[in-house]
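Counting from 3, one number per residue, gives the positions in the sequence shown under the working numbering.
Report on the structure given below.
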Amino acid sequence: MRTEKNRVQNLHLGVSSLGTQRAITRDRAALEKQEKQLELEIKKMAKTGNKEACKVLAKQLVQLRKQKNRTYAVSSKVTSMSTQTKVMNSQMKMAGAMSTTAKTMQAVNKKMDPQKTLQTMQNFQKENMKMEMTEEMINDTLDDIFDASDEEEESQDIVNQVLDEIGIEISGKMAKAPSAARGLPSASTSKAATISDEEIERQLKALGVD
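Set out below in structure tokens:
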């Protein structure tokens with residue numbers, strides 16, 4: 003009984019849900035910082051009329067947001083594993099309390115084999131994780147296939163969507179490159195230039211981007 007209890011406790015320590023959750027939170031914070039940097043870079047490129055650079059950065063931003071969303075799924079799985087482990091630990095503690103008398107222990111052993119019960123739960127957890135990993139791999143593969151086949155066709159839609167989210171409209175309204183022949187900004191330029199160049203540079207420096 004003590005051996006089985008220790009095995010459950012070791013499994014719980016192996017999961018280390020608290021430490022894992024903290025690591026996931028740190029990773030998510032780093033991704034959010036990169037997300038803000040990309041948004042500012044896209045604004046900067048939009049103000050100069052560099053549409054191709056906006057397209058590349060917009061695709062990077064979409065992929066980064068997908069990666070950030072995956073951290074929430076991983077966090078949920080870690081929480082689920084931790085909960086299952088705690089349930090197993092509670093069951094073993096209950097079985098240990100029942101061992102105070104030989105008669106009670108014999109009755110429990112007839113109805114429940116702790117070794118077999120633990121093994122069954124571990125097998126279930128293992129197969130469940132395999133199924134989740136397989137599903138995730140299939141989803142990732144399908145995403146890659148669709149992304150590869152539709153990448154060129156959807157590139158402009160991606161740019162429009164991302165820039166719209168961060169407050170820039172480029173559908174016929176992207177800022178033109180500066181021209182010596184035009185001293186005054188056009189209406190489309192003033193529309194896109196919602197923030198100044200100095201403000202963009204200041205925010206980038208605040209995020210650690212030179």
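Just so it is clear, CB atoms sit at the ideal spot from N, CA and C, and this is done for glycine as well.
| query | Taking just the CA atoms, how far does L33 sit from E134? | reply | Distance between the alpha carbons of E134 and L33 is about 24 Å.
| query | Buried or exposed: A48, going by 16 or more other Cβ atoms within 10 Å of its Cβ? | reply | Label assigned to A48: buried.
| task | Quick one: grab the DSSP three-state call for L42. | result | In this structure, L42 counts as helix in the three-state DSSP scheme.
| request: Assign L209 to buried or exposed, taking buried as 16 or more other Cβ atoms, counted over all protein chains shown, within 10 Å of its Cβ. | output: L209 comes out exposed.
| field | Other residues of its chain near S77: CB distance less than 7 Å, five sequence neighbours each side excluded | value | Closer than 7 Å at Cβ, skipping near neighbours: Q23, I26.
| Taking all protein chains shown into account, do 16 or more other C-beta atoms lie within 10 angstroms of the C-beta of V89, making it buried, or fewer, making it exposed? | It is exposed - the Cβ of V89 has fewer than 16 other Cβ atoms within 10 Å.
| task | Compute the Euclidean distance between the alpha carbons of R72 and G21, then round it to the nearest angstrom. | result | Roughly 18 Å between the two C-alpha positions.
| said: Taking the alpha carbon of C56 as the reference point, which residue from K45, K132, Q65 has its own alpha carbon closest? | reply: Ranking K45, K132, Q65 by Cα distance to C56 puts K45 first.
| field | Nearest candidate by alpha-carbon position, reference Q205, set E43, R30, R28, A31 | value | If we check each option's Cα against that of Q205, E43 comes out closest.
| Helix or strand or just coil, what does DSSP make of N52? | When secondary structure is reduced to three states using DSSP, N52 falls in the coil class, being assigned neither helix nor strand.
| task | Quick one: using the 10 Å Cβ neighbour count with 16 as the cut-off for buried, is A60 buried or exposed? | result | Buried, since its Cβ has 16 or more Cβ neighbours within 10 Å.
| task | Using three-state DSSP, classify S188 as helix, strand or coil. | result | Unreliable placement is indicated for S188, whose pLDDT of 45 sits below 50; no coordinate value is reported for it.
| request: Label M131 either buried or exposed according to how many other C-beta atoms from any shown protein chain fall within 10 Å of its C-beta, with 16 as the threshold for buried. | output: Classified as exposed, M131 has fewer than 16 neighbouring CB atoms from the shown chains inside 10 Å of its CB.
| DSSP on A177, reduced to helix/strand/coil? | Low local confidence applies: a pLDDT of 49 at A177 is under 50, so the model's placement there is unreliable, and no value is given.
| Can you tell me whether DSSP reads L66 as helix, strand or coil? | Note: L66 maps to helix in three-state DSSP.
| request: Report the residue from R30, V58, E37, Q36 whose alpha carbon sits nearest the alpha carbon of T159. | output: For clarity, residue 159 is Asp in the given sequence; the question names Thr instead. For the residues R30, V58, E37, Q36, the minimum Cα distance to D159 belongs to V58.
| Three-way DSSP call (helix, strand, coil) for L120 in this model | Here L120 sits in helix by DSSP.
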